[in-house]
Amino acid sequence: MFVSCYSGKTNITGEQHQLNVSEENIDTTYFNDHFEIAEVVPLQTDETNLISDIKRLIRHKNQIILLSGNTRQIFIINSKGGVIEQRIHKAGNGPGESNVILDIGFDESSEQLLVYNDYSKLLFFDLQGNFLSETKVDDLYEEMTVVDGKVIFHNKLEGYSCYPLMIKVFNLKDKSWESFGEKDKIDFPIRNKGLQLVKSKNVWFTSPLNYSLFVFKDNQIDSLYQINVPNMSLSEDLIKQSVSNPPMFFEEVRNNNLIYSFHSIRETNNFLVLRSNQPGLFIVDKANNNVYWEKMVKENAFKFDLSSYYYPHDGDDGKIMFVFPPEIYTNYVKRLYDKRISAEQIKAIEMREEDNPVLVFYKEKDN
5 MFVSCYSGKT
15 NITGEQHQLN
25 VSEENIDTTY
35 FNDHFEIAEV
45 VPLQTDETNL
55 ISDIKRLIRH
65 KNQIILLSGN
75 TRQIFIINSK
85 GGVIEQRIHK
95 AGNGPGESNV
105 ILDIGFDESS
115 EQLLVYNDYS
125 KLLFFDLQGN
135 FLSETKVDDL
145 YEEMTVVDGK
155 VIFHNKLEGY
165 SCYPLMIKVF
175 NLKDKSWESF
185 GEKDKIDFPI
195 RNKGLQLVKS
205 KNVWFTSPLN
215 YSLFVFKDNQ
225 IDSLYQINVP
235 NMSLSEDLIK
245 QSVSNPPMFF
255 EEVRNNNLIY
265 SFHSIRETNN
275 FLVLRSNQPG
285 LFIVDKANNN
295 VYWEKMVKEN
305 AFKFDLSSYY
315 YPHDGDDGKI
325 MFVFPPEIYT
335 NYVKRLYDKR
345 ISAEQIKAIE
355 MREEDNPVLV
365 FYKEKDN
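Per our numbering, the sequence shown runs over residues 5 to 371.
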C-alpha cells in the first residue's frame, strides 16, 4: 500500500473522489479526441533576450509574463507575435534586486508584477519594469501565485524538509497574514520538472508522496481527487533513501515504475491535465470522474509524443501549453508545408537550436 506521511487532520476538507486508473484508460487517444491547437507563439530571439528555461509563465490579456529561472530574468511578451516588450533583470542585494528569483505572480486588480526572491522579499513592479516597492516575507517558500489581491505561498522550506500541505496567504490590501492546511513536515528533497502550485480556473496544488489533488478556494483547502494507480507504492525505507541515498532511490523508482508525485495541474472547463514523475499525461474528466493515463500523447498535427513538452501556465484561459525547442517546431513546419512552399520560405521559418522556444497552446474541441 502507498505510504503517506500525513495525519489526516480536518483542516483539509471536501468530499474526495477516488479515481482509479483502469487498464482500458491507459494509452488511449483521449487528448487527441478532446483537444486541438489554439495558437502558436514563437518567442522572439536576440542576443540580449535569450530564454534558457521557463520556471513560471503567466497569461494576462494579450501579454505573457515569463520567468527564466537560470538567467534570473523576467520577460514581458506580446502574445500575438512573441515580441519581447520588457525585460526585468536586477541582480544584486539593493532595492528591487534579487540574487535568485524563486517565483513570480501577477495581481490583476493593480496590474502589478510580484517577484519573490531568496532574500525572503516580495518585490513589486509595474508592467513597464519599474520597481515600485517591497515587503518582507516571514519564511522561505517554494512557490507562490496571486488571486484576488491575495498572495498565496505554498510549501514552506526547511533544508531537506518541507510543509507541502500548508498555505500561507498575504493580503495585499490590509497587509495581514493567514495560514491554512496542515503543518505536517516531511523530509523529501526530490522535485520534478514542473510546478506543484498552478493557477487556472482555480488554484491547484500537489504534494510529494501523496496521490491527492488539492484546490485552494474561498479560504479553504479541499482534497477533491485521489488518483490510484495499480502496483505503485513507496515504502518508508525507500522514502528515507531519497535523502540518504538518492541514486538508489531513483534506481528503485525507475526499475519498478513507481510514482512518487503528481504535479503541474491545469484545469479547463471539462478536464484536469497533469503529470507525474513517470512518462505521459493524466487527464481527469470532471463530468464522469474518469482518469486517463496517456503514456504517449499524440495528436493529429504533431506526429510525436507531446507529453515531455507539457508545462503548466498561470491564467484562466482554458488552454494547455507545450514548450517546443525551436528545431522541433521548424521540422514540423517543414513537414506540414513540404510541397506547398518554396525553399526560400522554408529558410525564413527555420529556427536555430540557440533560439528561444515556441509556445503551443491547445484548447478543448467544440463537440
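Virtual Cβ for every residue (Gly too), placed ideally from N, Cα, C.
Source: prediction; values computed, not measured.
Straight-line gap, E2 to D37 (C-alpha atoms, nearest Å): For residue 2 there is no data in the structure shown, the boundaries of the chain being 5 and 371.
Cβ pair count under 8 Å reaching 3, the stretch 258-273 against the stretch 302-311: no
F39 - containing beta strand (DSSP E), residue span: 39-46
Where P168 falls: helix, strand or coil (DSSP): strand
Pairwise C-alpha distance: S124 and S165: 17 Å
Proximity winner among V45, V44, L71, relative to I55 (alpha-carbon distances): L71
Start-to-end residues for the beta strand (DSSP E) that takes in V247: Counting along the chain, V247 falls outside any beta strand (DSSP E), though it belongs to the alpha helix (DSSP H) covering 240-248.
Limits of the unbroken beta strand (DSSP E) element including R76: Element bounds for R76: n/a, residue is neither H nor E.
Q224 and T17 closer than 9 Å at C-beta: yes
Three-state class that DSSP yields for Y313 in the structure shown: For Y313, the secondary structure class from DSSP, reduced to helix, strand or coil, is helix.
Where I58 falls: helix, strand or coil (DSSP): In this structure, I58 counts as coil in the three-state DSSP scheme.
Nearest-angstrom Cα separation, counted from N103 out to L126: 13 Å
Cβ-based neighbour list, F6, same chain, cut-off 6 Å, excluding 5 preceding and 5 following: For F6, the predicted structure reports a pLDDT of 35, less than 50, and the residue's modelled location is therefore unreliable. The matter cannot be settled from this model.
Beta strand (DSSP E) segments (min. 3 residues) lying fully within the stretch 263-308: Correct list: 266-271, 275-280, 285-289, 294-298.
Reduced DSSP category for T33 - H, G, I as helix; E, B as strand; rest coil: coil
Distance, F79 Cα to E89 Cα: 8 Å
Simplified DSSP state of E19, which is helix, strand or coil: Taken through DSSP and simplified to helix, strand or coil, E19 comes out as coil.
Distance between F110 and V141 (C-alpha atoms, nearest Å): 17 Å
The stretch 208-228 / the stretch 249-259 touching (three or more Cβ pairs under 8 Å): no
For D50, the nearest candidate out of V87, Y315, K367, S311 (CA to CA): V87
Selected residue, minimal CA-CA separation from D143, among Y366, K189, L161: L161
Residue environment, W297, which counts as buried when at least 16 other CB atoms sit within 10 Å: buried
Given N294 as reference, the closest of Q20, N29, E19 once Cα atoms are compared: N29
V233 vs Y215 beta-carbon contact at 9 Å: yes
Bridge-paired residues (DSSP) for S216: Q230
Three-state secondary structure (DSSP) of T49: In the three-state reduction of the DSSP assignment, T49 falls in the coil class, being assigned neither a helical nor a strand state.
Minimum C-alpha distance to M300 - residue among G73, G284, N134: Looking at the Cα atoms, G284 is the closest of the given residues.
Identified DSSP bridge partners for R195: According to DSSP, which records beta bridges pairwise, R195 is partnered with nothing at all.
Whether Y313 touches L276 by CB criterion (9 Å): no
Closest residue to T272 among T334, F286, K367 (Cα-Cα distance): K367
Buried versus exposed call for K94 [16 or more other C-beta atoms within 10 Å across all chains shown]: buried
Beta carbon of F286 nearer than 9 Å to that of I324: no
Segment limits, beta strand (DSSP E) that includes D4: Since the first residue of the chain shown is 5 and the last is 371, residue 4 is not available in this structure.
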